[in-house]
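Here is the structure we will look at.
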Amino acid sequence: MKQKWVSLLRDRLVWFVALGLGLFAIDYASGKRLESRILIDLPLVEKLVAQWEGQTKRRPSAQELDALVEGYIREEILVREAKRLGLDDEDVIIRRRLAQKVEFFLDENNPPELPDEAGLQQWFEKNRASYDTPAKLTWRHIYASDEAQARDLLRQVRNGQITGGQAEDWRALGQPFMLNRAYTRQDQLEMGQIMGADFAATLFDAKTATPAKGWVGPVRSAYGWHLVAVDTRYETQAARFLTIADKVAKDWANEQGRLAKLEAWRELRASYDIELVPVEEK
Amino acid sequence: MKIRSWLTAALLVAPLAVQAGPEDRKALFGETHLHTNLSFDAFIFGNRNGPDAAYEFAKGKAIRHPSGFEMKMRVPLDFQAVTDHAMYLGMVPAMFDETTAVSKHRVASGLREAKTASARRTAFGAMMPYIGQQVEDDLLDMDIVRSTWEDIKQSANRHNDPGKFTAMIGYEYTSSQDTFENLHRNVLFRGDAPAEPFSRLISKNPENLWRWMDSVRAQGMDSIAIPHNSNGSDGFMFDDVTYDGAPIDKAYSELRMRNEPLVEISQVKGTSEVHPLQSPNDEFAAFEIMPYQIATWHPSREEGSYIRDAYKRGLQMQARGQGNPNKFGLISASDTHVSAGAFDEYDYWSKIGLVDANGRLRGSVRLSWTQRLGAQIFRIRNWWIQANTIEGAQTGNPPKNPAPGFLQMQWSSWGASGLAGVWADENTRGSIFDAMRRKETFGTSGPRMRVRMFAGYGLQAKWLDDAQLVKKAYQRGVPMGADLKARKGQSPDFLVWATRDPGSAPLQRLQIVKGWVDGEGQSHEKIYDVACAGGASPDAKTNRCPDNNSVVDTKTCAYSADTGADELKAHWRDPQSNAGENAFYYVRGIENPTCRWSTWDAIRADTMPNPSLAKTIQERVWSSPIWLEH
């Protein structure tokens with residue numbers, strides 16, 4: 001039996017395998033050491049010292065230098081532990097920062113050459129709605145905090161009981177209102193922000209109020225009920241290309257940049273498979 | 283004769299233009315306290331939006347938060363002032379620009395090269411001694427400060443559009459007592475401003491700021507200063523003595539009032555109206571209280587830190603012949619550091635960029651189990667935030683966290699506030715500034731409520747339904763911010779009036795807060811509900827409105843739609859006005875309850891709200907007081 005072991009030891013193949021295993025073990029062990037190794041070299045220490053000097057305007061003492069290095073070691077260990085726990089992966093800010101960096105690359109497209117004027121004008125025609133000046137109203141109102149009172153006022157106004165003759169008589173009607181009693185050249189968005197979107201939509205509906213109709217209503221706002229008179233209606237004004245050509249060119253370039261980014265994003269998106277995991281029915 | 287008939291004709295032709303009086307004043311909403319990337323701290327918190335972006339935001343455009351999402355106003359503002367920190371103005375962006383000389387400084391390279399959050403914290407810490415004037419300064423480059431200041435002025439001039447949008451020139455004077463007892467104030471200019479702002483690096487004593495403002499005014503450049511966060515001043519903002527500890531005299535009171543007609547009552551870092559310990563009988567006093575000194579965990583003394591108390595002390599000092607250094611009006615602002623104020627509870631981004639960008643960082647959303655495990659492993663409370671944020675000057679110890687699993691930071695006690703309101707003749711720099719000077723201003727905790735108050739003798743209740751209400755009130759009385767001369771044996775009448783924000787909850791009640799000093803020099807206060815939702819009347823004994831039964835579902839944030847008022851109006855006569863007693867009166871208008879931002883955060887993250895934070899809020903508006911003077 002013993003002789004068999006001896007002969008095994010003499011076998012070169014066995015030695016070869018044993019040596020291989022040994023090397024593997026050493027490699028394994030040292031690999032693990034590398035993972036838990038923190039290198040403190042001269043450039044690092046110089047950097048720590050420079051930061052210290054920045055704060056204190058003097059060189060650190062030997063004791064302070066030790067504390068600096070120990071502080072760095074502590075931070076490095078905590079960061080590595082955080083990574084080992086996968087905390088960086090869960091961290092919203094780190095994820096967002098990484099995503100932002102790639103977004104930034106997507107932004108970096110070379111601007112395409114501007115088309116000639118005819119081409120630009122064609123693009124303008126296609127998008128002209130966004131250059132038009134929106135419709136606007138110059139209007140007045142009489143305020144009442146409840147609907148019945150508003151209807152009563154409307155009846156009086158329509159019967160000509162309170163027109164007086166003085167142009168500003170209407171201002172004495174109804175209840176006091178903290179915002180304006182009259183607005184000039186106001187578009188629908190602005191009116192909606194002040195009086196509520198429904199109110200603005202009603203007034204901009206040409207069927208409700210026109211300069212010819214005089215006082216109409218009552219219309220409900222965020223504050224109560226109003227009799228409304230539209231004095232002037234400014235229809236949507238078509239934009240003229242020649243007067244805003246520079247702005248159109250700028251918008252065109254921005255739009256191309258946006259499209260290029262969208263295209264780059266689509267390609268990126270297409271290279272991934274998105275799997276939706278179905279929710280199990282209970 | 284000929285001239286007279288010509289004048290009459292002119293009057294008839296242009297009645298409106300000639301007759302425009304104070305009754306035509308409009309409530310304009312604005313922002314008077316905002317930081318861009320040119321403030322040293324804002325840049326470090328990740329803000330890269332400059333003054334132009336801040337003005338675009340105010341006009342209604344969307345701009346980006348440092349962490350990537352879009353910020354946009356529900357309704358654009360009428361006016362705004364960019365108010366960056368004067369000390370080290372523009373210096374941090376310059377430190378990041380490697381073509382400047384200052385970028386070669388050790389502190390600059392430290393800031394630039396800091397890659398991790400904690401390294402950034404260290405680098406920011408390295409800069410603090412320079413800003414606090416504790417080290418010999420070779421970091422400050424005044425050429426950069428002056429050219430940045432010029433850029434800010436030019437940006438304001440570019441965006442100023444008289445009649446439509448007003449951009450005012452301003453900056454923040456960021457002073458303090460020896461440690462962190464906040465004495466910050468914003469300086470706003472009526473028109474143009476001098477070539478260099480007066481900063482704490484020149485003097486930390488606010489009296490020297492006021493003297494500088496006096497001297498600049500003598501050169502034709504008028505300005506006012508608006509203190510803020512008196513709540514975090516540890517009692518120093520409205521102290522009974524001067525900065526150097528000397529007794530207050532008439533000259534000091536006049537110097538202060540000439541330069542500081544307004545105070546910020548509410549902003550993101552809490553509300554400074556009143557502390558519940560000072561006014562135990564005020565059921566609405568515990569509102570958005572931020573109890574720390576700014577940028578620390580040190581508790582801030584209540585005495586001398588809150589406005590109602592300051593008004594009372596002011597009257598007492600006046601009675602002692604020292605003048606009244608606390609006769610200021612009220613305004614609110616956001617103090618955002620991301621170039622964009624967050625005014626709505628349901629659309630809140632706090633103020634310091636990457637540091638408080640989401641619910642977990644703000645303590646409104648529970649941390650995930652790995653984040654909690656991290657804190658256990660390293661036995662460091664708030665470990666996750668220390669590993670993730672870059673806030674620099676945090677001193678003192680955080681209180682023991684009452685809600686395990688949630689972070690507790692100072693910004694957990696912050697909120698979506700506040701908005702400035704002024705009653706101005708027109709939307710121009712001059713008109714808005716003049717309204718501020720006469721204290722015809724109000725502040726809100728974020729929503730766009732409007733409030734008016736008039737006081738006088740013989741103001742009548744029936745005017746409340748008269749379309750000429752405002753005209754009559756101006757003719758016979760004085761508006762908010764003014765003095766009313768007392769009449770012997772008569773009690774003053776008040777007309778108060780508030781309207782809701784169409785984009786927020788309806789109003790619940792209107793209150794008049796009165797404070798006065800008696801013959802013995804003792805100060806008193808009393809709160810009267812004067813108008814109640816649903817047409818109810820206040821109880822004659824308690825002076826309180828009955829409950830209007832409005833509720834909020836904190837799981838969906840839906841609130842009662844059928845209770846509350848679109849507007850509230852009242853005539854009120856002081857039942858207890860005694861001869862010889864000086865008093866102040868201001869209006870507090872209170873909304874029905876809605877969800878607070880922290881509840882919105884939790885709902886969106888699908889977690890429970892932090893039990894240590896208020897779940898609901900009753901937004902409010904405060905008018906400047908009227909002072910009864912004997």
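Listed in order, the protein sequences are those of chains P and F. Following the working numbering, the residues of the first sequence are numbered contiguously, the last one being 282. Following the working numbering, the residues of the second sequence are numbered contiguously, the last one being 912. All C-beta atoms in this analysis are idealised placements derived from N, C-alpha and C, irrespective of residue type, glycine included. Since the structure is predicted, the reported quantities are computational estimates derived from the model, not experimental observations.
(1) Are the Cβ atoms of methionine 355(F) and alanine 622(F) separated by less than 9 angstroms?
(2) Can you pull the chain F residues whose beta carbon is under 7 angstroms from the beta carbon of arginine 96(P), in chain order?
(3) Determine the chain P residues that contact lysine 956(F) at a beta-carbon separation under 9 angstroms, and present them in chain order.
(4) Could you spell out where the beta strand (DSSP E) holding histidine 302(P) opens and where it closes?
(5) Output yes or no for whether 9 angstroms exceeds the beta carbon distance between phenylalanine 327(F) and methionine 373(F).
(6) If we cut at 9 angstroms on Cβ distances, does tyrosine 223(P) have a partner in chain F?
(7) Any beta carbon of chain F sitting closer than 9 angstroms to that of leucine 13(P)?
(8) At a Cβ threshold of 9 angstroms, is valine 277(P) touching chain F?
(9) Would you kindly check if the distance between the Cβ of proline 134(P) and the Cβ of leucine 179(P) is under 9 angstroms?
(10) Look up proline 529(F) in the DSSP assignment and say whether it is helix, strand or coil.
(11) Can you list, in chain order, the residues of its chain with a C-beta nearer than 7 angstroms to that of aspartate 107(P)? Leave out the 5 residues immediately preceding and following it.
(12) Just to confirm my understanding: we take asparagine 709(F), look at its own chain, exclude 5 residues before and 5 after, and list those with CB closer than 8 angstroms. What are they?
(13) When you compare only the Cα positions, how much space is there between methionine 369(F) and isoleucine 484(F)?
(14) Mind checking if glutamate 627(F) is an interface residue toward chain P, Cβ cutoff 9 angstroms exclusive?
(15) Three-state secondary structure (DSSP) at leucine 537(F)?
(16) Cβ of glutamine 283(P) less than 9 angstroms from any chain F Cβ?
(17) Select from the segment 848-867 of chain F all residues with a C-beta closer than 7 angstroms to any C-beta belonging to chain P, and list them in chain order.
(18) Cβ of glutamine 188(P) versus every heavy atom of the ligand MN: is any distance shorter than 8 angstroms?
(19) When you compare the segment 790-805 of chain F with the segment 855-868 of chain F, are there three or more beta-carbon pairs, one atom per stretch, that lie closer than 8 angstroms?
(20) Would you tell me roughly how many angstroms separate the C-alpha atoms of tryptophan 139(P) and glycine 871(F), rounded to the nearest one?
(21) Quick one: measure Cβ to Cβ for glutamine 51(P) and alanine 408(F), integer angstroms, because I've assumed they're closer than 8 angstroms.
(22) In chain P, which residues lie with their C-beta within 7 angstroms of the C-beta of threonine 631(F)?
(23) Near arginine 10(P), which residues of its chain fall below 6 angstroms by C-beta distance, leaving aside the five closest residues on each side in sequence?
(24) Closer than 7 angstroms, Cβ to any Cβ of chain F: which residues of the segment 49-75 of chain P, in chain order?
(25) Would you verify that the beta carbon of glycine 164(P) is, or is not, closer than 9 angstroms to some beta carbon of chain F?
(26) Do you know how far the Cα of lysine 594(F) is from the Cα of serine 561(F)?
(27) For serine 713(F), is the classification buried or exposed, using 16 other Cβ atoms within 10 angstroms of its Cβ as the cut-off for buried?
(28) Just to confirm my understanding: we take glycine 20(P), look at its own chain, exclude 5 residues before and 5 after, and list those with CB closer than 6 angstroms. What are they?
(29) Distance check for alanine 401(F) and methionine 377(F), CA to CA, integer angstroms please.
(30) List the endpoints of the continuous beta strand (DSSP E) containing glutamine 256(P).
(31) Between which two residues does the alpha helix (DSSP H) containing phenylalanine 322(F) stretch?
(32) Residues of chain F with CB under 7 angstroms from glutamine 175(P), in chain order?
(33) For asparagine 439(F), count neighbouring Cβ atoms within 10 angstroms of its own Cβ and tell me buried if that reaches 16, exposed if not.
(34) Taking contact to mean at least 3 C-beta pairs separated by less than 8 angstroms, is the segment 462-473 of chain F in contact with the segment 529-538 of chain F?
(35) Mind pulling the chain P residues with CB within less than 9 angstroms of alanine 639(F)?
(36) Contact between the segment 697-711 of chain F and the segment 544-555 of chain F is defined here as three or more beta-carbon pairs at a separation below 8 angstroms; is this criterion met?
With the given structure in hand:
(1) yes
(2) Ser349 and Gly350
(3) Coverage of chain F is limited to positions 283 through 912, which leaves residue 956(F) absent and any answer about it impossible.
(4) Outside the displayed range of chain P (1 to 282) lies residue 302(P), so it cannot be described from this structure.
(5) no
(6) yes
(7) Interface annotation, leucine 13(P): not in contact with chain F, CB-CB separation never under 9 angstroms.
(8) no
(9) no
(10) strand
(11) Lys261
(12) Annotation for asparagine 709(F): Lys308, Leu310, Asp360, Phe361, Pro444, Gly445, Lys446, Phe447 and Thr448 place their beta carbon closer than 8 angstroms to its own, counting only its chain and skipping 5 residues before and after.
(13) 9 angstroms
(14) In terms of beta-carbon proximity, glutamate 627(F) stays away from the interface with chain P, with every pair separated by 9 angstroms or more.
(15) helix
(16) Residue 283(P) cannot be examined here, being either before or after the span of chain P that is shown, 1 to 282.
(17) Asp848 and Glu849
(18) With respect to the ligand MN, the structure shown offers nothing to examine, as it has no ligands at all.
(19) yes
(20) 30 angstroms
(21) Between glutamine 51(P) and alanine 408(F) a beta carbon distance of about 6 angstroms is seen, short of the 8 angstroms cut, so the two are scored as contacting.
(22) Before going on, a small fix: residue 631(F) reads as tryptophan here, not threonine. Residues of chain P passing the Cβ test: none, with the nearest at roughly 14 angstroms.
(23) none
(24) For the segment 49-75 of chain P, the set of residues with a beta-carbon nearer than 7 angstroms to any beta-carbon of chain F comprises Ala50, Gln51, Glu53, Gly54, Gln55, Lys57 and Glu75, in chain order.
(25) Summary for glycine 164(P): the model assigns pLDDT 45, below 50, so the residue's position carries little reliability, and this model does not support an answer.
(26) 12 angstroms
(27) Buried, since its Cβ has 16 or more Cβ neighbours within 10 Å.
(28) none
(29) 16 angstroms
(30) Per DSSP, glutamine 256(P) belongs to no beta strand (DSSP E); it is in the alpha helix (DSSP H), 245-270.
(31) Where phenylalanine 322(F) is concerned, the enclosing alpha helix (DSSP H) stretches over 322-326.
(32) Asp747 and Ala749
(33) exposed
(34) no
(35) Val92, Ile93 and Arg96
(36) yes
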